[in-house]
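All residue numbers for the sequence shown refer to the numbering used here, where the first residue is 17 and numbers rise by one.
All residues carry an ideal CB built from backbone N, CA and C; glycine is no exception.
Working notes for the structure below.
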Amino acid sequence: MINVSQHRLKQLEYTGITEEDLQLLASNQPVFRKVVDLVVDRLYAQIQQQPELVELIGKFSTIERLKQTQSDYWMSLSQGIIDEEFIINRVRIGGVHSRIGLTTNWYLGTYMVYLNIATEVLKNELPYQWIQLVHAISKMFNFDSQLVLEAYELKEKDKIQVMVDQKEHMLHQVSLVVQELAAMMLELDASAQTIAETAITTAESQDHAHELVESLNVEVEQITEMGVLIRGISNQTHLLGLNAAIEAAHAGEHGRGFEIVANEVRKLALTSRQAQERIQEKLEQIESKLVQVKQESEQTSVNARHQAASSEELHAFVQMIEKVAMDLKGLNE
17 MINVSQHRLK
27 QLEYTGITEE
37 DLQLLASNQP
47 VFRKVVDLVV
57 DRLYAQIQQQ
67 PELVELIGKF
77 STIERLKQTQ
87 SDYWMSLSQG
97 IIDEEFIINR
107 VRIGGVHSRI
117 GLTTNWYLGT
127 YMVYLNIATE
137 VLKNELPYQW
147 IQLVHAISKM
157 FNFDSQLVLE
167 AYELKEKDKI
177 QVMVDQKEHM
187 LHQVSLVVQE
197 LAAMMLELDA
207 SAQTIAETAI
217 TTAESQDHAH
227 ELVESLNVEV
237 EQITEMGVLI
247 RGISNQTHLL
257 GLNAAIEAAH
267 AGEHGRGFEI
277 VANEVRKLAL
287 TSRQAQERIQ
297 EKLEQIESKL
307 VQVKQESEQT
317 SVNARHQAAS
327 SEELHAFVQM
337 IEKVAMDLKG
347 LNE
């Protein structure tokens with residue numbers, strides 16, 4: 017008896033399964049029952065010759081348990097009924113085999129092994145009717161294989177859907193990260209620009225300070241030259257006072273007043289020399305400090321330019337990250 021939807025009915029008609037086929041199978045149910053153990057034993061004898069199948073069975077079940085399941089399946093062929101429950105059960109079985117990793121080549125190949133064994137056994141049991149019966153069984157196997165492929169396709173679609181969901185979740189997470197990264201990049205870029213501008217300004221200020229130090233050095237050198245000139249004048253004044261004192265001594269009483277003036281001139285020359293020496297000492301200290309200021313100014317300028325260059329590199333890096341973020345965003349879209 018066939019009791020299925022229009023869609024399944026078209027499928028059965030195309031496969032060639034008829035009510036007459038189901039009635040033929042049902043009328044031979046005693047024969048199915050008689051040979052069930054023989055058919056199943058021979059089937060698993062051939063299955064056990066394949067190490068890959070034996071390994072798979074060992075992971076999920078046992079030979080004895082599967083033999084019982086296969087006996088039930090063999091007998092279901094002779095029920096003479098194809099309804100929605102029959103179809104659902106077949107699809108479910110196909111889904112189980114897909115889930116445990118039995119590939120379609122083994123599954124579909126087993127139908128041929130099954131059919132060869134059934135043909136041989138039924139030929140011995142029904143020497144005058146086995147052809148019609150085997151033909152009906154082959155149609156049932158073909159329909160079963162279609163349902164199995166549907167089950168495998170559903171499983172593959174489920175896997176693909178899981179992958180799609182995972183991809184969407186991943187892209188959603190990427191999108192969130194991209195948004196956060198973009199915000200961070202904007203802040204970082206602004207900071208890099210500020211640092212670069214500040215560094216450039218600092219370098220320019222240091223260059224200006226360096227110029228001022230150079231100018232001050234020139235003025236200190238001029239003051240030093242003036243000190244040398246003052247020292248020369250002081251020496252000449254001292255010599256002039258010394259000569260005047262000698263001449264005053266030669267003049268005796270008449271040169272006493274001139275001697276007093278000469279001594280004052282000598283004292284003035286000595287005071288001038290001492291003042292010049294103190295000025296020279298201070299100038300040397302200033303020159304030493306100016307050298308240090310110049311060195312520090314030059315180093316600060318170098319550091320500021322390095323900082324500006326690093327900021328430019330950081331800006332370039334930020335732009336690269338922004339491009340990566342845009343690419344990730346495009347991938348998400």
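Length of the line joining the Cα atoms of residue i and residue j
{"i": "Leu72", "j": "Ala332", "result": "57 Å"}
{"i": "Ile176", "j": "Lys26", "result": "Note that Ile176 scores 47 on pLDDT, short of 50, meaning its location in the model is unreliable; the coordinates nonetheless yield the value given after this. Ile176 and Lys26: Cα-Cα distance of roughly 29 Å."}
{"i": "Leu124", "j": "Ile337", "result": "53 Å"}
{"i": "Phe80", "j": "His23", "result": "The displayed chain sequence assigns Glu, not Phe, to residue 80. Between Glu80 and His23, the C-alpha separation is close to 37 Å."}
{"i": "Glu166", "j": "Pro143", "result": "36 Å"}
{"i": "Thr135", "j": "Trp146", "result": "7 Å"}
{"i": "Val318", "j": "Glu297", "result": "32 Å"}
{"i": "Arg289", "j": "Ile295", "result": "10 Å"}
{"i": "Ile33", "j": "Pro46", "result": "21 Å"}
{"i": "Gln308", "j": "Gln323", "result": "22 Å"}
{"i": "Glu328", "j": "Ile302", "result": "38 Å"}
{"i": "Asp88", "j": "Glu100", "result": "18 Å"}
{"i": "Gly74", "j": "Met342", "result": "51 Å"}
{"i": "Ala199", "j": "Lys339", "result": "13 Å"}
{"i": "Lys305", "j": "Ser231", "result": "14 Å"}
{"i": "Leu255", "j": "Glu300", "result": "27 Å"}
{"i": "Ile276", "j": "Glu293", "result": "26 Å"}
{"i": "Ser21", "j": "Thr31", "result": "15 Å"}
{"i": "Gln335", "j": "Ala325", "result": "15 Å"}
{"i": "Ile262", "j": "Asn279", "result": "11 Å"}
{"i": "Ser68", "j": "Val129", "result": "One detail in the question is off: residue 68 reads as Glu in this sequence, not Ser. If I take the Cα positions, the gap works out to 16 Å."}
{"i": "Thr119", "j": "Gln84", "result": "22 Å"}
{"i": "Gln252", "j": "Thr217", "result": "52 Å"}
{"i": "Glu312", "j": "Glu237", "result": "21 Å"}
{"i": "Asp223", "j": "Gln315", "result": "11 Å"}
{"i": "Asn233", "j": "Glu227", "result": "10 Å"}
{"i": "Leu170", "j": "Gly117", "result": "14 Å"}
{"i": "Glu14", "j": "Ile109", "result": "The chain is shown from 17 up to 349; residue 14 falls before or after that span and cannot be answered."}
{"i": "Gln148", "j": "Gln66", "result": "31 Å"}
{"i": "Lys283", "j": "Arg321", "result": "56 Å"}
{"i": "Thr287", "j": "Ala265", "result": "23 Å"}
{"i": "Phe102", "j": "Asn121", "result": "23 Å"}
Proximity of residue i and residue j at Cβ, strictly below 8 Å
{"i": "Val137", "j": "Val55", "result": "yes"}
{"i": "Tyr60", "j": "Ser114", "result": "no"}
{"i": "Leu163", "j": "Val112", "result": "no"}
{"i": "Met91", "j": "Phe48", "result": "yes"}
{"i": "Leu41", "j": "Ala152", "result": "yes"}
{"i": "Ser161", "j": "Tyr127", "result": "yes"}
{"i": "Val51", "j": "Glu141", "result": "yes"}
Integer Cβ distance of residue i from residue j, believed to fall under 8 Å
{"i": "Asn19", "j": "Ser94", "result": "Incorrect: roughly 17 Å between the Cβ atoms, too far for contact."}
{"i": "Gln62", "j": "Val70", "result": "Contact doesn't hold; Cβ gap of about 11 Å is too wide."}
{"i": "Arg58", "j": "Ile133", "result": "5 Å"}
Using 8 Å as the cut-off, can you tell me whether the region 35-49 makes contact with the region 138-157, which would need three or more C-beta pairs spanning the two stretches below that distance? The way I'd put it, the region 35-49 does touch the region 138-157; three or more beta-carbon pairs between them come closer than 8 Å.
Threshold first: 4 residues or longer. Then list the alpha helix (DSSP H) segments lying entirely within the region 59-125, N to C. Counting only runs of 4 or more, we get 67-76, 79-92, 100-116.
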